[in-house]
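Trainee:
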Amino acid sequence: MTASVSPTETTKTNELIERFTERISPLGVEVVRAAGIGDAVDYLVRVVQESGQHRAMISGELRSTAPGLIGAVRKHGIEIEEVSTPESALDYPVGFVLGMNAVAETGSVLLAESTLPDRAVGELSLICVQIVQTETLLPGLDEIAPVLRRLALRPNGAYAALVTGPSRTADIEMSLTVGVQGPGKVAVLFVDELFA
37 MTASVSPTET
47 TKTNELIERF
57 TERISPLGVE
67 VVRAAGIGDA
77 VDYLVRVVQE
87 SGQHRAMISG
97 ELRSTAPGLI
107 GAVRKHGIEI
117 EEVSTPESAL
127 DYPVGFVLGM
137 NAVAETGSVL
147 LAESTLPDRA
157 VGELSLICVQ
167 IVQTETLLPG
177 LDEIAPVLRR
187 LALRPNGAYA
197 ALVTGPSRTA
207 DIEMSLTVGV
217 QGPGKVAVLF
227 VDELFA
């Protein structure tokens with residue numbers, strides 16, 4: 037059953053996604069919006085296939101939060117591997133992670149995992165797709181502060197970071213290189229009905 041969304045809410049959401057995209061697109065990040073799991077699966081399968089692979093690694097948060105999405109990706113012949121150690125994520129061709137929230141003001145996605153290996157998927161895979169439930173997109177940093185506080189007060193805390201695009205490193209000559217210390221390519225996939 038789909039909840040009714042008012043035209044005002046739809047307009048506000050569209051404006052937030054547009055603002056988010058304006059902030060992050062200059063960094064080479066692809067922003068995609070999927071209406072539901074079917075559209076999301078099509079996109080994820082395409083990303084894996086375009087990488088020349090047939091496999092992707094997932095974080096524990098994504099596995100436990102969106103098992104229907106992961107199962108549907110598997111049905112398309114994509115091998116899904118769950119991270120076991122931080123080293124297992126190192127240079128993995130494609131990683132899928134759950135974005136807890138996104139921030140339109142900065143074009144950032146909050147990645148918050150309960151274990152270091154799970155966090156490594158978003159930091160060490162070559163291509164990272166951050167999957168975000170559309171309704172968790174927040175206007176600004178002021179709105180993310182209470183979320184960060186809740187994460188910090190968890191019994192075991194969280195490995196959390198606001199991530200804005202792929203890693204970038206500059207050397208002493210100020211030559212900018214993308215992807216040296218993390219994913220070289222990042223995509224943000226907003227899904228309207230992730231849990232349907």
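The sequence shown begins at 37 in this note's numbering and counts up one residue at a time. Where a beta carbon is used, it is the ideal one built from N, C-alpha and C, also for glycine.
DSSP beta-bridge partners for Gln169?
Mentor: As a working mapping, residue 169 is identified with position 133 in the sequence shown. In DSSP, Gln169 forms a bridge with Val227.
Trainee: Use the C-beta contact count for Leu189: other C-beta atoms within 10 angstroms, 16 or more gives buried, fewer gives exposed.
Mentor: By 1-based counting over the sequence shown, the position of residue 189 is 153. With fewer than 16 Cβ atoms within 10 Å of its Cβ, Leu189 is classed as exposed.
Trainee: Across the segment 139–154 and the segment 108–117, are there enough close Cβ pairs to call them in contact, namely three or more that are closer than 8 Å?
Mentor: no
Trainee: Determine the closest residue to Ser95 out of Gly74, Leu134, Arg110, with distance taken between C-alpha atoms.
Mentor: To locate residue 95, count along the sequence shown from 1; it is residue 59. Comparing Cα positions, the closest option is Leu134.
Trainee: Could you tell me which residues DSSP puts in a beta bridge with Glu118?
Mentor: Translated into positions along the sequence shown, residue 118 becomes position 82. According to DSSP, Glu118 bridges with Ile94.
Trainee: Helix, strand or coil for Glu141? Go by DSSP, reduced to three states.
Mentor: Along the sequence shown, read from residue 1 onward, the residue named residue 141 stands at position 105. Coil.
Trainee: In whole angstroms, give me the CA-to-CA distance for Glu45 and His112.
Mentor: Locating residue 45 in the sequence shown gives position 9, where the first residue counts as 1. Locating residue 112 in the sequence shown gives position 76, where the first residue counts as 1. Each residue's alpha carbon lies about 33 Å from the other.
Trainee: Taking buried to mean at least 16 other C-beta atoms within 10 Å of its own C-beta, is Gly143 buried or exposed?
Mentor: As a position in the sequence shown, residue 143 is number 107, starting the count at 1. It counts as buried.
Trainee: Would you kindly work out how many angstroms separate the C-alpha atoms of Lys221 and Arg99, rounded to a whole number?
Mentor: As a position in the sequence shown, residue 221 is number 185, starting the count at 1. As a position in the sequence shown, residue 99 is number 63, starting the count at 1. Between Lys221 and Arg99, the C-alpha separation is close to 22 Å.
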